[in-house]
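Down below is the structure, laid out as structure tokens.
There are 2 protein chains.
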Amino acid sequence: MTPATTSARPPGRPRAGIDATVFAATLSTVHELGYAGATMDRIAAAAGVAKTTIYRRWPSKGALIADCLVDALGPAPLKDTSREENISSAIRWAAAKIGEPGLGAAFAGVFVDAVSDPALREILSTRLQDPYRIALQDALGEPENRVLLFIDVVVGTLLHRMGMTGEPMVDADVTALVEMVLRHFADPA
Amino acid sequence: MTPATTSARPPGRPRAGIDATVFAATLSTVHELGYAGATMDRIAAAAGVAKTTIYRRWPSKGALIADCLVDALGPAPLKDTSREENISSAIRWAAAKIGEPGLGAAFAGVFVDAVSDPALREILSTRLQDPYRIALQDALGEPENRVLLFIDVVVGTLLHRMGMTGEPMVDADVTALVEMVLRHFADPA
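First to last, the sequence lines map onto chains A and B.
Letter by letter, the first sequence follows residues 1 to 189 of my numbering.
Letter by letter, the second sequence follows residues 1001 to 1189 of my numbering.
As structure tokens, this is what we get:
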């Protein structure tokens, strides 16, 4: 049971439950209709909740997508082992996640909206990217600028492949990407 | 451009002139309103031409953006010198182009639409990517799979940075990207 508060949400639907329902509906709607077609209206309909319920939690589609991505991605697998293992497992994890239905399209779509939306860039930077950036800086012992390039290279490459082919990157190419990045980061900055 | 034939275009407006006008209007509209906001209606208004004139040439926004990008990018600078110079100059050229107003946003936007649009992926692959892929395969003596990874890494990284920061990648990071890619491609496959 969630603790009783003064919230106006309906009984029996704790916030975490609604969040999970809306996130699942977001990814399935993006998967089915593409990023542009997945309007807040359609996401609300797919989730079976009122549109006002969604807007009460997320003021914009960008904010919803960012939180949905944070939820779907979870923490990066940085196991405090070697630099090489951490780099390799982080890239393979990103490749697998971006291949999940709806996730790659949601990821790519929100970045494009961000190109012309400074408020959304701020959300993406602080809520989505910063936790990974900080975890990577700690795990790899690398400065911010090198970790930001790491994220650009890994995520950008995987999303570009998804856009050009409509499919996740095959293992042989993920391995080539891992080798390219590993060689660059073989020695700490 | 196709030679003038039995086209119904108005006298005094050769096709190349209309194309150039529409392409310029496309980039400025995307720059101003973002990819999603740059509808065919708004592009036609900015170009000062009828919407039917645009649809007669490009059946979809994706097709228009793809041709606009081909026109704006022009040929890659592959000067038949060393592999290293060709790789380096191609990456720096891509970074400069993606930093031009509207171009990065148009590029990123059309890829995202392509994630959920197989017909658009076909257009992007054949009209936009293939000429560069073939030129790079020839200039670098690399097989298709390695050149496709090269394109994913370079374009994906530059577009991701644009999405996260709203700005083109700074020179120091472009140089780091060049070094990463050069090391990977130092020896032919």
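C-beta: ideal position from N, C-alpha, C; glycine also.
Rounded separation between residue i and residue j - CA only
| i | j | result |
| --- | --- | --- |
| glutamate 1100 of chain B | isoleucine 18 of chain A | 42 Å |
| valine 154 of chain A | alanine 1050 of chain B | 42 Å |
| arginine 161 of chain A | threonine 1157 of chain B | 11 Å |
| lysine 97 of chain A | alanine 72 of chain A | 8 Å |
| lysine 1061 of chain B | glycine 34 of chain A | 15 Å |
| valine 170 of chain A | isoleucine 91 of chain A | 13 Å |
| threonine 1175 of chain B | aspartate 1187 of chain B | 19 Å |
| leucine 1149 of chain B | leucine 149 of chain A | 17 Å |
| proline 75 of chain A | glycine 102 of chain A | 19 Å |
| leucine 1128 of chain B | threonine 53 of chain A | 42 Å |
| threonine 1184 of chain B | aspartate 1173 of chain B | According to the sequence as given, residue 1184 of chain B is histidine; it is not threonine. Taking the straight line joining both Cα atoms gives about 17 Å. |
| leucine 1140 of chain B | alanine 1044 of chain B | 40 Å |
| threonine 29 of chain A | glutamate 1085 of chain B | 45 Å |
| methionine 180 of chain A | tyrosine 55 of chain A | 42 Å |
| lysine 79 of chain A | leucine 177 of chain A | 20 Å |
| tryptophan 1093 of chain B | glutamate 167 of chain A | 28 Å |
| serine 274 of chain A | valine 1147 of chain B | The displayed coordinates of chain A run from 1 to 189. Any statement about residue 274 of chain A would go beyond what the structure contains. |
Range of the contiguous alpha helix (DSSP H) that encloses residue i
| i | result |
| --- | --- |
| threonine 165 of chain A | 144 to 165 |
| leucine 1103 of chain B | 1103 to 1115 |
| leucine 78 of chain A | Taken as a continuous stretch (DSSP letters only), leucine 78 of chain A belongs to no alpha helix (DSSP H), as it is neither H nor E. |
| aspartate 1187 of chain B | No alpha helix (DSSP H) holds aspartate 1187 of chain B; DSSP gives it neither H nor E. |
| alanine 46 of chain A | 40 to 47 |
| valine 1070 of chain B | 1061 to 1073 |
| alanine 1094 of chain B | 1083 to 1098 |
| alanine 1139 of chain B | 1130 to 1140 |
| arginine 56 of chain A | 51 to 57 |
| leucine 195 of chain A | Here chain A has residues from 1 to 189 only, and residue 195 of chain A is not among them. |
Within chain A, the residues that residue i reaches when beta carbons sit closer than 8 Å
| i | result |
| --- | --- |
| glycine 1062 of chain B | Neighbours of glycine 1062 of chain B on chain A: none; closest Cβ ~11 Å, over 8 Å. |
| isoleucine 1118 of chain B | Before going on, a small fix: residue 1118 of chain B reads as proline here, not isoleucine. Gly166, listed in chain order. |
| alanine 1096 of chain B | The contacting residues do not exist; alanine 1096 of chain B stays about 17 Å from chain A at best. |
Chain-order list of residues whose beta-carbon lies under 8 Å from that of residue i (same chain, five-residue window excluded)
| i | result |
| --- | --- |
| threonine 1021 of chain B | Ala1047, Gly1048, Val1049 |
| alanine 1036 of chain B | Gly1109 |
| isoleucine 151 of chain A | Gln129, Tyr132, Arg133, Leu136 |
| aspartate 41 of chain A | Lys51 |
| arginine 1024 of chain B | The sequence shown places alanine at residue 1024 of chain B, rather than the arginine named in the question. If we look at alanine 1024 of chain B and ignore the five residues flanking it on each side, its Cβ neighbours are Ala1047. |
| threonine 165 of chain A | none |
Contacts around residue i, its chain only, beta-carbon distance under 7 Å, and the 5 residues preceding and following it disregarded
| i | result |
| --- | --- |
| aspartate 113 of chain A | Gly62, Leu120 |
| isoleucine 1123 of chain B | Gly1062, Ala1063, Ala1066 |
| cysteine 68 of chain A | Phe23, Thr26, Leu27, Ala106 |
Cut-off 6 Å between Cβ atoms - residues of its own chain near residue i, not counting five sequence neighbours on either side
| i | result |
| --- | --- |
| histidine 1031 of chain B | Pro1101, Gly1102 |
| arginine 83 of chain A | Leu140 |
Contacts of residue i in chain A (Cβ-Cβ under 9 Å)
| i | result |
| --- | --- |
| threonine 1026 of chain B | None at all; the shortest Cβ gap to chain A is about 14 Å. |
| serine 1125 of chain B | Met164, Thr165 |
| glycine 1034 of chain B | Val112, Asp113, Val115, Ser116, Asp117 |
Contact set between residue i and chain B, taken where Cβ atoms lie within less than 7 Å
| i | result |
| --- | --- |
| valine 155 of chain A | His1160 |
9 Å Cβ cut-off: residues of chain B touching residue i
| i | result |
| --- | --- |
| phenylalanine 111 of chain A | Ala1108, Val1112, Leu1159, His1160, Met1162, Gly1163, Met1164 |
| alanine 105 of chain A | Val1112, Val1115, Ser1116 |
| aspartate 173 of chain A | Asn1145, Leu1148, Leu1149, Asp1152 |
Proximal residues of chain B, C-beta to C-beta of residue i below 8 Å
| i | result |
| --- | --- |
| glutamine 129 of chain A | Met1164 |
| methionine 40 of chain A | The contacting residues do not exist; methionine 40 of chain A stays about 14 Å from chain B at best. |
Listed by chain order, chain A residues near residue i by CB distance under 7 Å
| i | result |
| --- | --- |
| alanine 1076 of chain B | Within chain A, no residue comes near alanine 1076 of chain B; the closest Cβ sits about 16 Å away, beyond 7 Å. |
| serine 1088 of chain B | Within chain A, no residue comes near serine 1088 of chain B; the closest Cβ sits about 15 Å away, beyond 7 Å. |
| aspartate 1152 of chain B | Thr157, His160, Arg161 |
| alanine 1176 of chain B | Leu149 |
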